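Undergrad: To start, I am sharing the structure in question, which I have written as structure tokens.
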């Protein structure tokens, strides 16, 4: 709970004081200090700030007692403040002129995870994802949230995956792929924004974000081919294997190992 309370703007000590009061409302600052094992001076300061934030109220007595505002009321207040602030921002910050298509890079687990969540949260119509099964957890929760608000989600997974997502297309993994040092992934949102990157112990987690038409079209075409080939292989697997090889080895030989 400490992390969640910090996420809504409380300091570590303020969060601990709030939880202490939640467990036993109507106690003195001295009792709060004993429960959080922090000096009374710092605790009284934290209680004062909680009061200013409207999250803790005082009961005039001797000594003064403190009790928390119920968390449901706190959340409703924060939601109201957030919505009012966002409306002000949307009204006052005019949309900038349309810029040229761009490429931006993200490095590190936290930055890439945040970018994934941001792009998925802003998708309004459709999301296409291509990812390895062991990396599906990076996108599964935000994708489920997107589905819940009516966004069409299609995930192409390399390897076997078990997920509550509605539309998953699983591709068989070839043995030689296990030798790869990285596992690519891509994300295409509303055919307007793309994210491409690589997971794997051999490389630092990085991703490229772009709205360049060439990148968007390349990813959309790749997804289309994946979906079409998956359906064809389901319906004509034996015929394809007999003519082209189980994993299209005959075609690969024609191109001398280029593909």
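In our numbering, the protein residues as written are 4 to 262. Yeah, the Cβ is synthetic: ideal placement off N, Cα and C, and Gly gets one too. Note that this is a predicted model, so its numbers are computed, not measured.
Given 8 angstroms as the limit, is there contact between the region 197-217 and the region 104-118, that is, 3 or more CB pairs closer than that?
TA: The count of Cβ pairs closer than 8 angstroms, one atom from the region 197-217 and one from the region 104-118, reaches three, so the stretches are in contact.
Undergrad: Buried or exposed: where does residue 222 fall if 16 or more other Cβ atoms within 10 Å of its Cβ makes it buried?
TA: For the purposes of this step, residue 222 is taken as residue 219 along the chain shown, with counting starting at 1. Per the 10 Å Cβ criterion, buried.
Undergrad: Helix, strand or coil for residue 23 per DSSP?
TA: Within the chain shown, residue 23 is the residue found at index 20, counting from 1. The answer is helix: DSSP assigns residue 23 an H, G or I state.
Undergrad: May I have the straight-line CA-CA distance separating residue 60 from residue 112, to the nearest angstrom?
TA: Locating residue 60 in the chain shown gives position 57, counting from the first residue. Locating residue 112 in the chain shown gives position 109, counting from the first residue. Using only the alpha carbons, I get a separation of about 40 angstroms.
Undergrad: State the Cα-Cα distance for the pair residue 124 and residue 231, rounded to the nearest angstrom.
TA: Position 121 of the chain shown, counting from 1, holds the residue named residue 124. Position 228 of the chain shown, counting from 1, holds the residue named residue 231. Rounded to whole angstroms, the separation of the alpha carbons of residue 231 and residue 124 is 27 angstroms.
Undergrad: Looking only at DSSP bridge pairs, what is residue 174 linked to?
TA: As a first step, residue 174 is located in the chain shown; it is residue number 171 there, counting from the start. Answer is 161.
Undergrad: Using the Cα positions of residue 127 and residue 15, report the straight-line distance between them to the nearest angstrom.
TA: Position 124 of the chain shown, counted from the first residue, corresponds to residue 127. Position 12 of the chain shown, counted from the first residue, corresponds to residue 15. Spanning the two alpha carbons is a distance of roughly 36 angstroms.
Undergrad: Output the distance between the C-alpha atoms of residue 23 and residue 215, rounded to the nearest integer angstrom.
TA: Here residue 23 corresponds to residue number 20 of the chain shown, with the count starting at 1. Here residue 215 corresponds to residue number 212 of the chain shown, with the count starting at 1. Rounded to the nearest angstrom, the two C-alpha atoms are 52 angstroms apart.
Undergrad: How would you write the range of the beta strand (DSSP E) that residue 107 sits in, first residue to last?
TA: Along the chain shown, read from residue 1 onward, the residue named residue 107 stands at position 104. Segment 106-110, the beta strand (DSSP E) holding residue 107.
Undergrad: When you compare the region 30-47 with the region 71-90, are there three or more beta-carbon pairs, one atom per stretch, that lie closer than 8 angstroms?
TA: no
Undergrad: Of all the beta strand (DSSP E) runs that stay within the bounds of the region 17-67, which reach a length of 3 or more residues?
TA: 59-62
Undergrad: Given a cut-off of 9 angstroms on the beta-carbon distance, is the pair residue 137 and residue 186 in contact?
TA: By 1-based counting over the chain shown, the position of residue 137 is 134. By 1-based counting over the chain shown, the position of residue 186 is 183. In this structure, residue 186 lies closer than 9 angstroms to residue 137 by Cβ.
Undergrad: Go ahead and pull the three-state DSSP assignment for residue 94.
TA: On the chain shown, residue 94 is found 91 positions in, with the first residue counted as 1. In the structure shown, residue 94 falls within a helical segment according to DSSP collapsed to helix, strand and coil.
Undergrad: Given a cut-off of 9 angstroms on the beta-carbon distance, is the pair residue 168 and residue 150 in contact?
TA: Walking along the chain shown from the start, residue 168 turns up at place 165. Walking along the chain shown from the start, residue 150 turns up at place 147. Yes. Within cutoff.
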